[in-house]
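J.:
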Amino acid sequence: MFKLNLKIALRNLWKNKGFSLINIGGLAIGLASCMVLLIYVAYEWSYDKQFTNNDKTYVVYQNSVANGKTFSWAWTPNVMANEVQQKITGVKYASHSTYPNSKLITVGDKKINSKAVFADPNFVKIFDYKFIKGNAQQVLKDLNTIILTKSFAEKLFGTEDPINKTVKLENQDVLKVSAIIEDVPANNSIVFECLMPWDLFEKREEWAREVNWGNNMCLTIVQLKDNAFFSKANAEMFGIYKRNQKGNTAEALLHPLTEWHLYSDFENGKSIGGKIDQIKIFLLLAFCILLIACVNFMNLSTARSEGRA
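Per my numbering, residue 2 is the first one in the sequence shown, and the count goes up by one each step.
1) Would A253 pass as a contact of V66 if the rule is Cβ separation under 7 Å?
2) Within its chain, find whatever has a CB closer than 6 Å to the CB of A310; leave out the 5 residues flanking it on each side and keep chain order.
3) Of the residues T146, G27, Y59, T71, which one's Cα is nearest the Cα of L201?
4) CA-CA distance, Y48 and E237?
5) Among A294, L176, T303, whose alpha-carbon lies nearest the alpha-carbon of I30?
6) According to DSSP, what are the bridge partners of A117?
7) Quick one: what does DSSP say T77 is sitting in, helix, strand or coil?
8) Near V168, what residues of its chain come up, given a Cβ to Cβ distance below 7 Å and the 5 sequence neighbours on each side ignored?
9) Counting only runs of 3+ residues fully inside the stretch 173-218, write out the beta strand (DSSP E) ranges in chain order.
10) Alpha carbon to alpha carbon, what distance is there between E84 and W76?
11) Touching or not, the stretch 197-212 and the stretch 229-243, by the rule of three or more beta carbon pairs under 8 Å?
12) Do S73 and G215 have their beta-carbon atoms positioned less than 7 Å apart in this structure?
13) For A310, does the three-state DSSP call read helix, strand or coil?
14) Cβ atoms of S152 and H262: under 7 Å apart, would you say?
15) Would the stretch 109-119 count as touching the stretch 225-237 if we require 3 or more Cβ pairs under 8 Å?
16) What three-state label does DSSP hand E252 in the structure shown?
17) Rounded to whole angstroms, what's the CA-CA distance from T150 to E183? Just pull it up for me.
18) Compare the beta carbon distance of D129 and F52 with 7 Å and say whether it is the shorter of the two.
19) Contact between the stretch 269-285 and the stretch 87-95 is defined here as three or more beta-carbon pairs at a separation below 8 Å; is this criterion met?
20) Enumerate, from N- to C-terminal direction, the unbroken beta strand (DSSP E) stretches of 3 or more residues contained entirely within the stretch 256-283.
What follows is the structure in structure tokens.
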């Protein structure tokens with residue numbers, strides 16, 4: 002019975018090739034367009050959610066008033082992480098790092114510009130990258146060491162084992178490869194190819210050693226023991242600048258890591274949206290395309306049936 006019905010359906014499709022092409026083609030294009038939009042939405046929605054405790058992780062933002070307007074950005078002093086770790090309730094880890102920037106890495110005759118980040122040991126406790134080689138508990142502690150991503154290690158060393166081999170940073174510092182990690186996903190706000198100790202950054206940049214609450218020069222990431230501490234921790238962040246530097250009117254707040262990419266627009270010191278608005282439009286567009294494609298398919302099929310009758 003099924004084979005008979007299938008033969009009849011295929012015969013009708015072949016008999017009405019033009020109509021079938023328009024009707025089925027329109028539905029297929031609609032479905033494909035809807036799927037592409039939904040894949041993009043899913044990709045954007047997954048930003049910074051690859052980590053185990055992403056829901057307990059926060060980016061420290063600064064609110065600063067100038068000319069009667071509040072400006073918000075994720076730049077903080079180098080002393081922020083230590084202050085938060087010691088004095089804010091419920092903090093499990095606090096880490097500071099540079100933002101990714103280009104650094105020249107040399108191995109023999111190979112000279113490659115890489116995306117590099119300098120960070121303290123807590124960085125890899127908050128962001129639990131997948132370690133292929135090396136001890137995750139010991140990295141970023143020794144001054145002249147470096148962590149490479151898998152693909153960048155292959156660019157530098159090919160099929161050789163890179164562990165304990167050396168590279169040169171900016172033709173100055175000789176660094177030993179201490180670990181290899183899986184490539185950082187592109188849907189991550191902090192994408193890098195090599196990760197180096199914060200102490201090395203301070204060694205190279207003398208100004209970075211100064212304790213200065215007025216110098217916003219790094220990114221600070223905080224992970225709470227439990228989100229039950231969030232309200233109290235965020236309240237304690239208020240006034241952290243004033244407590245440490247007389248006359249400093251800036252304020253600090255905790256912004257969820259999982260909202261960093263999609264909710265990056267601030268107004269009067271509060272998050273008001275961002276790329277999430279674009280995502281909502283794409284979701285609505287995907288629904289409309291799917292609805293139109295289905296209605297169009299049904300209308301054409303109904304019209305064809307009435308024509309045969």
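C-beta: ideal position from N, C-alpha, C; glycine also.
These numbers come from a predicted model, not from an experiment.
T.: So, from the listed chains and residues:
1) As a working note, residue 253 is residue 252 in the sequence shown. As a working note, residue 66 is residue 65 in the sequence shown. Going by beta carbons, A253 and V66 fall outside the 7 Å limit.
2) As a position in the sequence shown, residue 310 is number 309, starting the count at 1. Any answer about A310 is weak, because its pLDDT of 49 lies below 50 and its placement is not dependable; what the coordinates show is given next. So no residue of the chain qualifies.
3) As a first step, residue 201 must be located in the sequence shown, where it is residue number 200. Closest by alpha carbon: T146.
4) The residue labelled residue 48 in the question sits at position 47 within the sequence shown. The residue labelled residue 237 in the question sits at position 236 within the sequence shown. Going by the C-alpha atoms only, they are around 28 Å apart.
5) Counting from one through the sequence shown, the residue named residue 30 turns up at place 29. Scanning A294, L176, T303 for the CA closest to the CA of I30 turns up A294.
6) In the sequence shown, the residue the question calls residue 117 occupies position 116. Bridge partners of A117: N102, C195.
7) On the sequence shown, position 76 is the one that residue 77 refers to. Residue state, collapsed to three classes: strand.
8) Start at 1 with the first residue of the sequence shown, and residue 168 comes out as number 167. So the list reads I106, T107, V108, I147, L157, L176, V178, once near-sequence residues are dropped.
9) Counting only runs of at least 3 residues, the stretch 173-218 fully encloses the following beta strand (DSSP E) elements, listed from N- to C-terminal order: 174-182, 195-198.
10) By one-based count along the sequence shown, residue 76 stands at place 75. By one-based count along the sequence shown, residue 84 stands at place 83. Distance between the alpha carbons of W76 and E84 is about 15 Å.
11) no
12) Translated into the one-based positions of the sequence shown, residue 215 becomes position 214. Translated into the one-based positions of the sequence shown, residue 73 becomes position 72. Contact flag unset, no.
13) Locating residue 310 in the sequence shown gives position 309, counting from the first residue. Per-residue confidence for A310 stands at a pLDDT of 49, beneath the threshold of 50, marking its modelled position as unreliable; the derived number appears in the next sentence. Coil.
14) Locating residue 262 in the sequence shown gives position 261, where the first residue counts as 1. Locating residue 152 in the sequence shown gives position 151, where the first residue counts as 1. Going by C-beta atoms, H262 is not nearer than 7 Å to S152.
15) no
16) As a working mapping, residue 252 is identified with position 251 in the sequence shown. Reduced to three states, the DSSP call for E252 is strand.
17) As a position in the sequence shown, residue 150 is number 149, starting the count at 1. As a position in the sequence shown, residue 183 is number 182, starting the count at 1. Computed Cα separation, rounded: 6 Å.
18) Along the sequence shown, read from residue 1 onward, the residue named residue 129 stands at position 128. Along the sequence shown, read from residue 1 onward, the residue named residue 52 stands at position 51. Yes, the pair counts as a contact, with Cβ atoms nearer than the cut-off.
19) no
20) Segments of the beta strand (DSSP E) lying fully in the stretch 256-283: 266-268, 271-274.
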